[in-house]
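Residue numbers (the UniProt record's numbering): 1 to 267. No residue lacks a Cβ here, since even glycine has one placed at the ideal position from N, Cα and C. On a predicted model such as this, the values are computed, not experimentally measured, just so you know. Worksheet: one structure, shown below.
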Amino acid sequence: MIEPTEREVTVPSGTLAVRTWSAGNPRWIALLSHGYGEHSGRYQWVAEQLVGAQALVCAPDHVGHGKSPGERVLFSDADTVVEDLEAVRRTISAEHPDLPVVLIGHSLGGMFAVRHAQKHQDSLSAVVLSAPVLGTWHVLDLLEAEEIPDTPIDPSTLSRDPQVGRDYVDDPLVWHGAFKRPTLAAIDRCLTAINEGVTLRVPTLWVHGEDDELVPEADTRTGIDRVRGFEFHEHVYPGGRHELFNETNRAEVLGDVLTFVGRELNT
Numbered sequence: 001m002i003e004p005t006e007r008e009v010t011v012p013s014g015t016l017a018v019r020t021w022s023a024g025n026p027r028w029i030a031l032l033s034h035g036y037g038e039h040s041g042r043y044q045w046v047a048e049q050l051v052g053a054q055a056l057v058c059a060p061d062h063v064g065h066g067k068s069p070g071e072r073v074l075f076s077d078a079d080t081v082v083e084d085l086e087a088v089r090r091t092i093s094a095e096h097p098d099l100p101v102v103l104i105g106h107s108l109g110g111m112f113a114v115r116h117a118q119k120h121q122d123s124l125s126a127v128v129l130s131a132p133v134l135g136t137w138h139v140l141d142l143l144e145a146e147e148i149p150d151t152p153i154d155p156s157t158l159s160r161d162p163q164v165g166r167d168y169v170d171d172p173l174v175w176h177g178a179f180k181r182p183t184l185a186a187i188d189r190c191l192t193a194i195n196e197g198v199t200l201r202v203p204t205l206w207v208h209g210e211d212d213e214l215v216p217e218a219d220t221r222t223g224i225d226r227v228r229g230f231e232f233h234e235h236v237y238p239g240g241r242h243e244l245f246n247e248t249n250r251a252e253v254l255g256d257v258l259t260f261v262g263r264e265l266n267t
């Protein structure tokens, strides 16, 4: 097991807890953007695979998530989260100025990754999107309710491996409560900004599970079609649920990701 180094990085929202994995002599930087309610510590296995492919892996906990400060799962402006991500990228790139950066975003972190790529395309060599929240998202229907119900994420929707759901439920750093209205409103505004924004020039890979109930592939595709650039690749996995990096075929998924990255970086 490769133990991560933990540090704090100053960002526009204040400070973020950041985990870094490396085995020495990296050839590229993998910047991970985790999903709603979770944290970067859930990406230990992913980080180890990336390090095995000569990456230096850098993964912040977004504001209000994991070990980072802030009210849990609360943010009022998604662009602030995006600029936090950019501040982390600048910090790690300043320490390793010769290494190309690949931004990897999962779920809501995929939304942040796309918005980041729209605003900072020249800082990235490639983007990987895992089940990104794009286009439309049924969870935003909660904004129409007078009072948002306490409906936590069903752990069985994460993976066909039941242990993934059990670990999720038992993880004290995962948020298991209700969605917060300002956060949902900020997500809604961000999706609109993405839809109205520029297409992606940076090479991009989109991976999604065919049986994803949390972020249905068809809904994401409506947003993908708005930002899809000239060099865009996709894999939709039959039977796959929401967390492809924790799925029963996770080795296949990571293999496809690393094939894409290796091709784009010529590693």
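Beta-carbon proximity of residue i to residue j, cut-off 7 Å
i           : j           : result
residue 5   : residue 15  : no
residue 270 : residue 207 : Not covered by the structure: residue 270. The range shown for the chain is 1 to 267.
residue 18  : residue 7   : yes
residue 219 : residue 109 : no
residue 60  : residue 88  : yes
residue 79  : residue 140 : no
residue 29  : residue 104 : no
residue 236 : residue 217 : yes
residue 11  : residue 84  : yes
residue 222 : residue 73  : no
residue 115 : residue 194 : yes
8 Å CB neighbourhood of residue i in its chain, flanking five on each side removed
i           : result
residue 248 : 159, 160, 161
residue 81  : 13, 62, 63, 75, 112
residue 242 : 107, 131, 157, 158, 159, 209, 212, 213, 214, 215
residue 178 : 148, 149, 150, 151, 152
Close beta carbons around residue i, own chain, < 7 Å, minus the five adjacent residues each side
i           : result
residue 238 : 210
residue 168 : 155, 158, 174
residue 66  : 17, 39, 40, 41, 173
residue 185 : 143
Between the CA atoms of residue j and residue i - distance to the nearest angstrom
i           : j           : result
residue 32  : residue 38  : 13 Å
residue 151 : residue 144 : 15 Å
residue 56  : residue 90  : 14 Å
residue 258 : residue 50  : 8 Å
residue 125 : residue 192 : 25 Å
residue 234 : residue 120 : 22 Å
residue 266 : residue 132 : 26 Å
residue 226 : residue 199 : 7 Å
residue 117 : residue 147 : 34 Å
residue 164 : residue 224 : 27 Å
residue 197 : residue 190 : 10 Å
residue 68  : residue 36  : 13 Å
residue 97  : residue 123 : 11 Å
residue 171 : residue 44  : 14 Å
Contacting residues, own chain, Cβ-Cβ under 6 Å from residue i (five flanking each side not counted)
i           : result
residue 213 : 157
residue 204 : 127, 232
residue 229 : 199, 200, 201
Length at least 4, wholly inside the region 176–200: the alpha helix (DSSP H) runs in chain order: Complete alpha helix (DSSP H) runs here, min 4: 181–196.
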